[in-house]
Amino acid sequence: MSDSQGVLAHVINLDRARDRLAHMATSLERLEVAHRRQPACTPQQVHLASAALGLRFGARLRPLERACFLSHAGAWQQIATGSAHWGLVLEDDAILARDAAEGIRFAARASDAELVRMETLGNTSPRIRLRPDVRGRGEAAGFALHRLLGRTIAAGAYMLHRQAAGRLLEELRGMAEISLAVDEYLFLDPAICPLRQQHLWPAVSIQSNVLAGVPRAELPPAWALAGLPLFASCMRHEEEAPERKFKVRKSVGHSLRRWLTGHGRRPCPLSPAGPLLLPAGMGEAPPATMPARLASNDPDRQPAAHPRDV
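Each residue of the sequence shown is one higher than the last, beginning at 960 in this note's numbering.
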């Protein structure tokens, strides 16, 4: 895939996490997706990196969260000034599905959004409308693009349009201070991030630590049989990331709004095609058949689990 016409992947990677970089490079080469390494910012580099990008952070964010935000913002800068129409931003612990190339090409070709989420968190993933904006055909049969709704965290895999990347940086530079972590800024609330957002159905990426925490019974068979590896290195090395809890006001009104917004929506599943490549020499899972992928991915083929919008 030519980066001048389609997608260029930006892999956020710490200098010493060579195992992760090797895993991502091998995965993207197999998918024939052009890629580059985006050096991850460390807490010690926050001051210089903030000044270089013209960003200011509030006291709420810990140094590690600032460094993570700056790592992503550095990738956005490269996307905004590059020749590829889309940037695929990947944290280096992403486990990509066997059919990720088809999903990436489909999203790049068919999406009218500016930000496309490519990953899932299992049953804690954000809810999306069940009626897709567009369905894939041909090699992308079984994929669809849905409007992203509701709150979520994690920014391990997403596609960002070149023009939107520039606008995003301009908005951030105009803020007195940034008080949200990067995933909160992008996906916590549609009212926060100014970009039009979609979600690829099914998701073609899951972070290694998330995969390890999903019960086997909730995984597609090809993923459950592949094992649950973790990388030896870790992005969050200087300090433990703070646990983030969202306080929800308990009231009759809240319960009613939650029921209304949840009706006709569900979390986005993981591609049943199985993992392309597992880290640390864990091998590969057998591929799912095309009929199985179509049956698992097409919302219309699962009417009981996919109630229509009302």
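The beta carbon of each residue, even a glycine, is placed where N, CA and C say it ideally should be.
Of A1072, P1091 and L1229, the smallest CA-CA separation from L1080 is found for L1229. Residue nearest to P1226 within the set E988, F1028, T1111 and Q1156 is T1111 (criterion: CA-CA distance). Within its own chain, the residues whose Cβ lies closer than 6 Å to the Cβ of H1158, once the five positions on either side in sequence are excluded, are R1076, I1087, H1105, L1107 and C1227, listed in chain order. With contacts defined as CB atoms closer than 8 Å, F1102 and W1160 qualify as a contacting pair. With contacts defined as CB atoms closer than 8 Å, A1060 and E1143 fail to qualify as a contacting pair. Contact annotation: the region 1165-1182 does not touch the region 1121-1133, with fewer than three C-beta pairs closer than 8 Å. Linking G1046 to A1039 through their CA atoms gives a straight-line distance of about 9 Å. In this structure, DSSP gives L1012 a helical state, which the three-state scheme calls helix.
The region 996-1006 and the region 1024-1033 touch, with no fewer than 3 CB-CB distances between them shorter than 8 Å.
Boundaries of the alpha helix (DSSP H) harbouring G1062: A1059 to A1069, taken from the DSSP string. Within the same chain, Cβ atoms closer than 6 Å to the Cβ of R1057 are found at A1232, G1233, L1235 and P1246, the five residues on either side in sequence being excluded. Take F1146, set aside five residues on each side of it, and the residues of its chain with a beta-carbon closer than 8 Å to its own are R1076, P1085, L1107, R1110, T1111, I1112, A1113, A1114, C1152 and Q1156, in chain order. For L990, the secondary structure class from DSSP, reduced to helix, strand or coil, is helix. The C-alpha of A1162 is placed about 17 Å away from the C-alpha of R1096.
In this structure, R1121 and A1099 do not form a Cβ contact; the two beta carbons are roughly 22 Å apart against a cut-off of 8 Å. Annotation for R1132: the continuous alpha helix (DSSP H) segment containing it runs R1121 to R1132. In the three-state reduction of the DSSP assignment, S1167 falls in the helix class. Under the three-state reduction of DSSP output, E1078 falls in the strand class. Take T985, set aside five residues on each side of it, and the residues of its chain with a beta-carbon closer than 7 Å to its own are L1236, in chain order. Straight through space, the alpha carbons of E1078 and N1168 are spaced by roughly 13 Å. Counting C-beta atoms within 10 angstroms of its own C-beta, L1184 has fewer than 16 neighbours from the protein chains shown and is therefore classed as exposed.
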